[in-house]
Structures are given as C-alpha cells and as structure tokens.
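Below is one structure, written out as structure tokens, with a few remarks after it.
2 protein chains.
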Amino acid sequence: MTIPETLQEIMKQDGVVAIATLGSEGPHLVNTWNSYLRVSEGKLLIPAGYLHKTEANVAHNPEVLITLGSSKVKGLHGPGAGFLIKGKAEFLFSGPEFDLLKEKFSWLRAALVVTPTEITQTW
Amino acid sequence: MTIPETLQEIMKQDGVVAIATLGSEGPHLVNTWNSYLRVSEGKLLIPAGYLHKTEANVAHNPEVLITLGSSKVKGLHGPGAGFLIKGKAEFLFSGPEFDLLKEKFSWLRAALVVTPTEITQTW
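Quick mapping for you: the protein sequence lines, in order, are chains Z and G.
Quick note on my numbering: the first sequence kicks off at 1 and runs consecutively.
Quick note on my numbering: the second sequence kicks off at 1001 and runs consecutively.
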C-alpha cells in the first residue's frame, strides 16, 4: 500500500505516535516519536527499544492501530493533519528492515514492521 | 486522583492525544489535541466534536486508555515526557464539566469525562 505524502510529511514533524494492540487484558497503548518511523516498500518500520507488551500481544493477534498527526502539516480542514493506520505487525530481529533501522537507531532490539491494510486520513 | 504537574505541562504543548477504547470489532483509536484537555477535580475533560465510535464503545465498556506526550517537556530520561492514563469514561451532555468545556470549545457536542484509575509516566 502506498504511504501517502501527507503521512510522510507528518513523520518529519515533532510529535507522538500511538500504537494500540489487543492483549488478553484488553487494549494496550504505547508511544513512539513521529521522527522514529521509516517507510520501506509500503511498510512502516518502527524501532523497538522496549515494546515487550506490544510484542507479546502481536504474537497472538497481529492487528495494530497506529495514529499520528501534526498541527504543522496542512490537513483536511486547514492546519493540522492526522492519520489512522490499521495493519498487521511483526517483530523482526534481523533482515533488511532491521538493518535499515539499525543504521539510525543503534539501540533498537527489534524492528516493528507494520504492513498497512487501511490508511485513513482522519483530519 | 491528582493529575501530575508534568502531565499538565504536556497539556500546554502542541501535540496529539490518543484515546483507545474497546468495541465489538476490537480496539478503536482516535485523536485529539493536547491543548484540548482540561482538568477538573482530578478528572480529565475532553471536548467531543465527533467521537461517536468512542461513545458507543464506552457505553458498553467504560475503560479507556489515553496517551499524550511532548518532546518539549522534561521527562524521566531527559527531554521528552509522556503519560499513559487508564480510566473510566463517560459522555456528558450537560452539567459543570460540559459547561466548563463549552466556554472554550463552543463546537462540542459532549464532554468526554475520564476518571483516572492509573496514571503512569512512561518517559
């Protein structure tokens, strides 16, 4: 799936990404920075330092929801743009996605790779 | 529950809040702005313009997870602070919480009032 230009603009801005997964105890929500996201071949790559609970949840249910936005990017209704991404996630500990992130984020323990199934610009 | 000073600092910064609820089809994730949050008597007040899906989910399961953060606020490990809030949510269409938000956010249709059960500074 093509990652929209506006979403890639948001990734360049300061801001907080939310990543939701579903575990046995209900939804789990964690954050990373907009600027930590990378795009490769239609996938979102996120360096995982911790994210242990997210990893455990994804092992049982790979569905993730991700939101990010920025007031600095022009959106659907003027200033401010945001996206909701539904996708399938996996944690990779080697390979090209891991290596791509490792170059920039030497501290990562894994690459959280999200294959989007639906990308919605919400504002 | 006391709303920490650092969390209130984050609310003054530009940024995106994520609100997760659980529906029959799985987790649902929506956003609002840090600057839209208000605090009253230990509760978080969020003006709801849309949030129809969140409202429907909360009617069945009031548990919500909320994350927000800012790179501009000093956190646990230097620059950048963020919080995870677990709480019980309700939508109110009148009353003091609604009126408090209505003064600033004339467009709101409801006040999403969250009573925190757990506030965790995550970074």
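Just so you know, even glycine gets a beta-carbon here, dropped at the ideal spot from N, CA and C.
A quick note: this is a predicted structure, and the numbers were derived from the prediction, not measured.
| said: Tell me which residues share the same chain as G82/Z and place their Cβ nearer than 6 Å to its Cβ, disregarding the 5 neighbours each side in the sequence. | reply: G69, T122 and W123
| message | Under 8 Å, Cβ to Cβ, is there at least one residue of chain Z near G1069/G? | response | yes
| In the stretch 1010–1035 of chain G, which residues sit with their C-beta less than 8 Å from some C-beta in chain Z, listed in chain order? | D1014, G1015, V1016, A1018, A1020, T1021, L1022, G1026, P1027, H1028, L1029, V1030, N1031 and W1033
| message | Quick check on N61/Z: does DSSP put it in helix, strand or coil? | response | coil
| query | Going by C-alpha distance, which of K1086/G, T1115/G, D1099/G and P1116/G is nearest R1109/G? | reply | D1099/G
| C-beta contact flag for K86/Z and T115/Z at 8 Å | no
| request: Following the continuous beta strand (DSSP E) through Q1121/G, name the residue where it begins and the one where it ends. | output: A1110 to Q1121
| field | Proximity of S105/Z and Y50/Z at Cβ, strictly below 8 Å | value | A small correction: the amino acid at residue 105/Z is Phe; Ser does not occupy that position in the sequence shown. Result no, Cβ atoms of F105/Z and Y50/Z do not sit closer than 8 Å.
| Looking at V1073/G and I1019/G, is the spacing between their C-beta atoms short of 8 Å? | no
| said: Tell me the DSSP secondary structure of I3/Z in three-state form. | reply: coil
| query | Is it true that the CB of I46/Z sits closer than 8 Å to the CB of T67/Z? | reply | no
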